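Residue numbers (my numbering), protein chains in the order written: chain Z, 26 to 598; chain V, 26 to 598.
Using N, Cα and C, we set each Cβ at its ideal position, and we do this for glycine too.
All of these numbers come straight from a predicted model, not from anything done at the bench.
Working notes, beginning with the structure itself.
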C-alpha cells in the first residue's frame, strides 16, 4: 500500500531526504528560472490567443502539481510554443478569439487534455506516444516553428492577419502589408536583431571580458528580459502608443484566480481529438526532455508517472485561469543548468511567478506586443531544422517520405492534419516494409557451418534442396507474400524435392502465418516437395509445440540449418 | 513488348497450346459446372436483393472476361454468398430494394469494384489484401454465414423481414413469425433437410451401391438441382401458389442485356468504401481458392494479374445486367474436380449458362423462393466454423481478440463495420506487440560461444557488462521503449560499465531507432557507460555504415557477441 502511494506520489521519496543544500540549490535555480519565465509566459499566452496573465497563471499551479506527481527533478512545466500554437489552432475553429468563451474553452481544453493524460497514465498507456516517430516529430516541430514565426509577424508589423497554415498566413500578411506600422516594425525588428545577437554573439563577448561560462550563459538566457525592459522603457518614455504601437496594457494584479472550465458535452466533443493530439505531442516533448536531463544525473523517470504528473498539471491549469501546458525544453534546461536538485525548485519558481503576478504586472503595461512576438520568433526559429530531410533521405526513403509529408501537410493544412497524416503514414510504411520482407535463398559457405545469401556469397547448394531465410517475423501482413514467394520458387523448378525455411530471424509467428505455413506445407506436399524448418527460436517453438502443424509437417524441425542439410542429404543417399 | 502483352493477356500463353484433349476435358467440366451454377446463380441474386436472372447474367460475361485476363485454370467467377450479402447490405442503405434504381446501383457497385480491382492490379497493390489477417477473415466469414442464413429464413417461413445484422434480423423475424406460411415452411424445411442429407449421407450410399467416387461426388454436387426440380414440380402440379407460396415467377428469356451503370458522382461517392471492401474480400477469397487449386497442379498464379482478371469480370458484370462477382470456392472446386484444364472451361460454362438464360427460364417459373433460400442456407452453414475461436485462444490471445471482435461486430453491426474493425484491430495489436519487444539479458553458456537468456539458463556474466538481446526489428514504435529499458537496467546498477546490444534478431533499424541508439549512446556516456553492438546483420550494417553513429559510438561494433565480451574483458585487464 505504502509502495503504491509512493509510486503515485514521488514527492514522498525525495521529500524526506530534503536538506539545506537542496534548499539552497533549488532556490537559486528558481530565481533564475522565474526571471526567464516571465516574458516567455506572456509571449506564449499571446501565441495561444489569450490575455498575457493567462501565461503567468499557467506557470504557477501546474508547476506545483507537477512537482508533487512528476518524476523528473529538472522538468519545468508551463506553456510551450508548439502546444500554444495547437491551442490557438483548435480554439479559433470553435470560438471567436478575444471573447470570454475563448478563454473558457482554453480551460476546457486544458481540463480534457489533463484527463486524457491522467487516464493514459493510470492505464499505463504511455506507449501510444511511441507511434509518433522521430522523423514525424522532427518534421512537425520544424513546420510548427515556421507557422508560429509566421503567425507572429503580424505583431512585428503592427497589422492584422489570420490563418492556421502557412498559405493562409502568407496570403493574409501580404494583403495587409500596406497598413504596416513603421514604429512597431522598428521595435519588432530591433528586438529580433537584439535577441539573435544575444544568442549568437553575447556569450562569447562576455567570456572575452572575463566572465565565467556559467554566468555568461545565464545572462544570455536573460536576453528576452533585457529586450522586454528596453522596449517597455522606450515605449513609455517616448510615448510611442500614440504612434499606434500595440502594448500589453492593463494586466490584473492577482494570484491565479479560481476558474471553472466549460464542460458541456458539445464543446468537449469538439475538443476531444485536438486535446488528444495536444496531449500526445506535449507528452512526447516533455518525456524526451526529462529523459535527457535524468540521464545526466543517472536518474530514472517513469513515463507512465510522467503522464500523471502532466495530467495533474493540466487539470490545475484548467481551474486556475491557464491553458494547456507541458514540460518545456528551454525552461527545463535553464532549471537544470541553474542547479535545480529536486522538484521543489519548480514549486519555488511558482512562488516567484505568483509574486510577479501579484506585484509586477503594472510594470509591463507599456510592454509592446512586437517585443513578445520577437521573443517567440527567435525562440521557435531555433526549432526549425531542415537537416532532418537530408538525413532521412540518406538513411531511408520511407523515413524521408514520412518527414517530408508531415512538413508539407503541416505547413499546408495546419498542425492537426500534419501530425495525424504523419502518424498514419509512418504506420502504413512500416506495415508495407514488413509486408514484403527480405527473403534470401542461402547456401553453405564451404568449410564452415554458416549459410549465406547465394547472391552475395560463393556457396554450396543442392539442386533438390532450396533453403529460404526470411528476415522478418511472420505475421498476417506478410504471410501470403511468403506463400507466393515459395510457390514461385518451387513451381518452376522441377528438381526441387525439399524446401527448408531458416527461421533464425523470425521473432514471432502469428496465427495467420501459422495457417500460411500449414497451407505451404500442404501445397508443397501436393507437388511432392517436403517442407522443413530450421533454427526456430525458443519462444516461437514454445507456441508451435502445441499445434497440429508440428505433426503434419512433411519434413522436420531441425535445430540448426547445418543439421537440416546433413539430415536431408544423409536420408537421400 | 510481346512479353508485356503476354503478362496482361495470359490467354496468349495457354491459347497456343490448346489441343483436342484440353477441349474435351474443358467441355466436360463446363457441362457439370453449368448444371450446378444455375440454382446457385439464381439463389445468390435473391440474396443480393436482385431479380433471379441477374444471377445468370453475372455468371456469363464475367466468366469469359476472367478466362481472358485471369491466371488460374480452375477458378470459376460469378456471384458468391459473402459478396452478394455485402452487395445487399450496401444497396439497401442507399436505394429501395425492388426498384429499378436498386438494380442500376448494383451495376454501379460492380463497375466501381471492377475499377478498384483493375487499378490495384495495374499498380500492383495486391499486397493491400494481406492486411486482412486469417483470423479476421475466418471470423468474418463465419459471422457472414450466420447473417446470410438468418436473412434467408424469411423465404423459408414465407414472411417479410429486414436487417443487416443478427439483432435486426432476429427481432424482425420473431415479430413476423405469426404470419408464417405453413406450406412454404414445409417446402423450405424439406429442401433444407434434403440438401443436408445429400451432403452428409448420399455420397456414402451411392458408393455403397457401387458407383465410383467421382460420379458419386458429382451427383452430390448436383443436389441443389434435384431440390429445384422436385420443389418446382410440386408447386406446379399441386397448384401451391394459391396457398401463398412465393415463386420465382416470370424470368425473361434473354441473353445478358447491355446495361449502363449509373455513374453519377453522388452515388459513386456513397458506394466507394463498400466497393473497396467488397473488392478486398472478393479478391482474398478468390486468390486463396486459386492458390490452393494451382498448387495441386504445380502451377503459378499471379495475384496482381488476378486483380486485373477480377476487375475485368466485374466491369463486364456492370455492363451486362449483373452485380459484383468474384471467384467462388464451391464452383471452382467443382470445376477443378470435373477436370477443367484451361480457363476455356470457364468460357464454355458461360455458353452453357447463356443457353440456359435463353431457353430454360420458363421452366423455373414455379420454382419456390423457399428452395433457393434453402440452397443458400445449406451452402453458407458449411462456412460457419467456430473452431477458429478455440484455435486462436490456444495459440495467441491477440489473434483470439481479433477473431472474436470481428465476429461479434459483424453479427452486431453488419459486414462493413465488422471487417473494418477487424482490420484496424489486427494492425493495432500487431503494432502493440512489436512496440514492447521481448528483450532478454543474456550470458555465456560455459564452454561454448553461445549466449542465452540469464533467466532461462545457467550462464556466466560479468558484473560490469550487461548484454541485452532485443528480439525485434528496431523501429519508431519500440525505439523509446528500448531507451526506457536500458535506462532502467543501468541507472540502478552502479557497477555497470559496458552495455552490449546483441542485434542478431534485429532485421531493420529505422531512423527513429537510429536516433534512439544515438540518444542511448549519449546518455550512457553521461553515466560513464560504454555502448557496444554485436552481431549486426549485413543489410542493417550497410545502412549504419554511412552514419555518424558508427563513429560517435562510445564502444565498438563486434562481429559476434563472443568477440565483444573477449575484447571488453581483455581491455579491462
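Verify whether the separation of the beta carbon atoms of residue 96 of chain V and residue 35 of chain V is less than 8 Å.
-> Translated into positions along the second chain, residue 96 of chain V becomes position 71. Translated into positions along the second chain, residue 35 of chain V becomes position 10. By the CB criterion at 8 Å, residue 96 of chain V and residue 35 of chain V fall inside the cutoff.
Buried or exposed: which applies to residue 525 of chain V, given that a residue is buried once 16 or more other Cβ atoms fall within 10 Å of its Cβ?
-> Translated into positions along the second chain, residue 525 of chain V becomes position 500. With 16 or more Cβ atoms within 10 Å of its Cβ, residue 525 of chain V is classed as buried.
Does the region 126-136 of chain V come within contact of the region 395-402 of chain V, defined as at least 3 CB pairs closer than 8 Å?
-> Note that the region 126-136 of chain V does not touch the region 395-402 of chain V; fewer than 3 beta-carbon pairs, one per stretch, sit closer than 8 Å.
Apart from the five residues on each side of it in sequence, which residues of its chain come closer than 6 Å, Cβ to Cβ, to residue 105 of chain Z?
-> Locating residue 105 of chain Z in the first chain gives position 80, counting from the first residue. Correct list, in chain order: 351, 353.
Inter-residue CB distance, residue 103 of chain Z and residue 88 of chain Z (contact presumed, cutoff 8 Å) | The residue you call residue 103 of chain Z lines up with position 78 of the first chain. The residue you call residue 88 of chain Z lines up with position 63 of the first chain. Residue 103 of chain Z to residue 88 of chain Z, Cβ: 7 Å. Contact.
Residue 149 of chain V: first and last residue of the uninterrupted alpha helix (DSSP H) it sits in = Here residue 149 of chain V refers to the residue found at position 124 of the second chain. It is not in any alpha helix (DSSP H) - residue 149 of chain V carries neither H nor E in the DSSP assignment.
Find the residues of chain V that neighbour residue 455 of chain Z, judging by a C-beta separation of less than 7 Å, and give them in chain order.
-> Here residue 455 of chain Z corresponds to residue number 430 of the first chain, with the count starting at 1. Residues of chain V passing the Cβ test: 500.
Relative to the alpha-carbon of residue 438 of chain V, which residue among V:79, V:48, V:111, V:370 has its alpha-carbon at the smallest distance?
-> Within the second chain, numbered from 1, the residue matching residue 438 of chain V stands at position 413. It is V:111 whose Cα lies nearest to the Cα of residue 438 of chain V.
CA-CA distance, residue 499 of chain Z and residue 507 of chain V?
-> Numbered from its first residue, the first chain carries residue 499 of chain Z at position 474. Numbered from its first residue, the second chain carries residue 507 of chain V at position 482. Approximately 22 Å, taken between the alpha carbons.
Kindly indicate if chain V contains any beta-carbon less than 8 Å away from that of residue 470 of chain Z.
-> If you number the first chain from 1, residue 470 of chain Z lands on position 445. False, the Cβ-Cβ gap to chain V never drops below 8 Å.
Nearest-angstrom Cα separation, counted from residue 522 of chain V out to residue 250 of chain Z | For the purposes of this step, residue 250 of chain Z is identified with residue 225 of the first chain, where counting begins at 1. For the purposes of this step, residue 522 of chain V is identified with residue 497 of the second chain, where counting begins at 1. In a straight line, the C-alpha of residue 250 of chain Z is about 43 Å away from that of residue 522 of chain V.
What do you reckon, are the CB atoms on residue 423 of chain V and residue 454 of chain V nearer than 8 Å?
-> Residue numbering aside, residue 423 of chain V sits at position 398 when the second chain is read from its first letter. Residue numbering aside, residue 454 of chain V sits at position 429 when the second chain is read from its first letter. Taking C-beta atoms as the reference points, residue 423 of chain V and residue 454 of chain V count as a pair closer than 8 Å.
Kindly list the residues whose CB is nearer than 6 Å to the CB of residue 166 of chain V, restricted to its own chain and excluding five residues on each side of it in sequence; keep chain order.
-> The residue given as residue 166 of chain V occupies position 141 in the second chain. If we look at residue 166 of chain V and ignore the five residues flanking it on each side, its Cβ neighbours are 408.
Contact list for residue 190 of chain Z against chain V, beta-carbon separation under 7 Å | Here residue 190 of chain Z refers to the residue found at position 165 of the first chain. Within 7 Å of the CB of residue 190 of chain Z, no CB atom of chain V is found; the nearest one sits about 25 Å away.
Taking 8 Å as the CB-CB cut-off, is residue 420 of chain V touching chain Z?
-> Within the second chain, numbered from 1, the residue matching residue 420 of chain V stands at position 395. Judged by the 8 Å Cβ criterion, residue 420 of chain V is in contact with chain Z.
Residues from the region 506-525 of chain Z in contact with chain V, defined by Cβ distance under 7 Å | 506, 508, 509, 512, 513, 516
Amino acids of chain V, ordered along the chain, whose beta-carbon sits closer than 9 Å to that of residue 316 of chain Z | Here the question's residue 316 of chain Z lines up with position 291 in the first chain. Within chain V, the residues near residue 316 of chain Z are 505, 508, 509, 512, 544, 548.
Any idea if residue 277 of chain V is buried or exposed, counting beta-carbon neighbours within 10 angstroms, 16 or more meaning buried?
-> Along the second chain, read from residue 1 onward, the residue named residue 277 of chain V stands at position 252. By the Cβ neighbour-count rule, residue 277 of chain V is exposed, with fewer than 16 other Cβ atoms within 10 Å of its own.
Answer yes or no: do residue 320 of chain Z and residue 552 of chain V have a C-beta to C-beta separation smaller than 8 Å?
-> Translated into the one-based positions of the first chain, residue 320 of chain Z becomes position 295. Translated into the one-based positions of the second chain, residue 552 of chain V becomes position 527. Closer than 8 Å, so yes.
Measure the alpha-carbon distance for residue 355 of chain Z versus residue 211 of chain Z and round it to whole angstroms.
-> Position 330 of the first chain holds residue 355 of chain Z. Position 186 of the first chain holds residue 211 of chain Z. Rounded to whole angstroms, residue 355 of chain Z to residue 211 of chain Z spans 27 Å at the Cα level.
Looking at residue 465 of chain V and residue 54 of chain V, is the spacing between their C-beta atoms short of 8 Å?
-> To locate residue 54 of chain V, count along the second chain from 1; it is residue 29. To locate residue 465 of chain V, count along the second chain from 1; it is residue 440. No. Outside cutoff.
My guess is that residue 216 of chain V and residue 252 of chain V are in contact by the Cβ rule of under 8 Å, so how many angstroms apart are they, rounded?
-> In the second chain, counting from the first residue as 1, residue 216 of chain V sits at position 191. In the second chain, counting from the first residue as 1, residue 252 of chain V sits at position 227. About 5 Å separates the two Cβ atoms, so the contact holds.
Just mark residue 285 of chain Z as buried or exposed, buried being the case when its beta carbon has 16 or more other beta carbons within 10 Å.
-> Here the question's residue 285 of chain Z lines up with position 260 in the first chain. Label assigned to residue 285 of chain Z: exposed.
Sufficient close CB pairs (3 or more, under 8 Å) joining the region 198-208 of chain Z to the region 174-185 of chain Z | The answer is yes - the region 174-185 of chain Z touches the region 198-208 of chain Z, with three or more Cβ pairs under 8 Å.
Terminal residues of the continuous beta strand (DSSP E) containing residue 159 of chain V?
-> Walking along the second chain from the start, residue 159 of chain V turns up at place 134. Boundaries around residue 159 of chain V are those of the alpha helix (DSSP H), 159-182, since no beta strand (DSSP E) includes it.
Distance CB(residue 591 of chain V)-CB(residue 559 of chain V) smaller than 8 Å | Within the second chain, numbered from 1, the residue matching residue 591 of chain V stands at position 566. Within the second chain, numbered from 1, the residue matching residue 559 of chain V stands at position 534. In this structure, residue 559 of chain V does not lie closer than 8 Å to residue 591 of chain V by Cβ.
To the nearest whole angstrom, what separates the beta carbons of residue 266 of chain Z and residue 392 of chain Z, a pair I think is in contact under 8 Å?
-> Within the first chain, residue 266 of chain Z is the residue found at index 241, counting from 1. Within the first chain, residue 392 of chain Z is the residue found at index 367, counting from 1. Taking 8 Å as the upper bound for CB-CB distance, residue 266 of chain Z and residue 392 of chain Z are not in contact here, some 11 Å apart.
Go through its chain and collect everything with a Cβ distance to residue 92 of chain Z's Cβ below 6 Å, but skip five positions before and after it.
-> Counted from its first residue, the first chain places residue 92 of chain Z at position 67. Residues of the same chain with a CB within less than 6 Å of the CB of residue 92 of chain Z, apart from the 5 flanking positions on each side, are 368, 371, 372 in chain order.
For residue 354 of chain Z, the three-state DSSP class (helix, strand or coil) = Position 329 of the first chain holds residue 354 of chain Z. Helix.
Spatial neighbours of residue 541 of chain V within its chain, please: CB distance less than 8 Å, with the 5 preceding and 5 following residues excluded, ordered by chain position.
-> Taking the second chain and counting its residues from 1, one reaches residue 541 of chain V at position 516. Answer for residue 541 of chain V: 499, 504, 505, 507, 508, listed in chain order.
Look up residue 463 of chain V in the DSSP assignment and say whether it is helix, strand or coil.
-> Residue 463 of chain V sits at position 438 when you count from the first residue of the second chain. Reduced to three states, the DSSP call for residue 463 of chain V is coil.
Thinking just about the alpha-carbon of each residue, which of Z:294, Z:283, Z:282, Z:51 is nearest to the one in residue 119 of chain Z?
-> Here residue 119 of chain Z refers to the residue found at position 94 when the first chain is read from its first residue. It is Z:294 whose Cα lies nearest to the Cα of residue 119 of chain Z.
Cβ-heavy atom distance, residue 117 of chain Z to the ligand SAM, below 7 Å = Looking for the ligand SAM in the displayed structure turns up nothing, as the structure carries no ligands at all.
Look at the alpha carbon of residue 301 of chain Z and the alpha carbon of residue 152 of chain Z, and state the distance between them as a whole number of angstroms.
-> Position 276 of the first chain holds residue 301 of chain Z. Position 127 of the first chain holds residue 152 of chain Z. So the alpha carbons of these two residues sit roughly 14 Å apart.
Could you give the residue range of the beta strand (DSSP E) that holds residue 101 of chain Z?
-> Within the first chain, the letter at position 76 stands for residue 101 of chain Z. Note, residue 101 of chain Z: beta strand (DSSP E), 101-103.
Residue-chain proximity (residue 331 of chain Z, chain V), Cβ-Cβ < 8 Å = As a first step, residue 331 of chain Z must be located in the first chain, where it is residue number 306. By this cut-off, residue 331 of chain Z is not an interface position.
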